[in-house]
Amino acid sequence: MSKFLCKYVNCDRPAVIIIMFNEMEYPLCRRHWNKLEDVLTKISLKRGEASLNSIKVRKERGRIRFIVSREKKSK
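In my numbering, the protein residues as written are 107 to 181.
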């Protein structure tokens with residue numbers, strides 16, 4: 107069993123991976139790691155590339171939530 111718990115909002119599952127983002131460590135459970143992978147895959151298919159910089163991390167109540175920054179449509 108992991109000594110870290112997932113830092114995603116409303117999740118208390120054991121962490122399976124720790125990601126580094128903006129010099130901070132974020133433990134994630136398998137469910138939220140897979141969610142992050144899915145989001146990055148969708149961004150890369152749409153834009154041609156993706157990285158952790160394509161996603162904003164918003165802190166809520168000491169936890170995190172992933173926010174996808176959207177490109178503005180040109181008129």
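Built from N, CA and C at the ideal position, the CB exists for glycine as well. The model shown is predicted, which means the values in this text are computed figures rather than measured ones.
Contact set for residue i: own chain, Cβ-Cβ below 6 Å, skip 5 residues either direction
i: Ile125; result: Tyr132
For residue i: DSSP bridge partner residues
i: Phe49; result: Within the shown structure, residues of the chain are numbered from 107 to 181, placing residue 49 beyond reach of any answer.
i: Leu111; result: Pro120
i: Ile170; result: Tyr114 and Lys165
Cutoff 7 Å; reference residue i; Cβ partners in own chain excluding five residues on either side
i: Phe172; result: Leu142, Val145, Ile161 and Val163
i: Lys181; result: Because Lys181 sits at a pLDDT of 49, beneath the cut-off of 50, its placement in the model cannot be relied upon, and the following sentence gives the value as read from the coordinates. There are no such residues.
i: His138; result: Cys112, Tyr114 and Cys117
i: Ala121; result: Ser108, Phe110, Leu111, Cys112, Pro133, Leu134 and Cys135
i: Ala156; result: Leu146, Ile149 and Ser150
Nearest to residue i (by Cα), restricted to the options the options
i: Asn140; options: Val174, Asp118 and Ile123; result: Ile123
i: Cys117; options: Arg136, Ile149, Asn128 and Met130; result: Arg136
i: Lys148; options: Lys165, Val174, Glu129 and Arg167; result: Val174
Contact set for residue i: own chain, Cβ-Cβ below 8 Å, skip 5 residues either direction
i: Arg167; result: Val115
i: Ile170; result: Lys113, Tyr114, Val115, Tyr132, Val163 and Arg164
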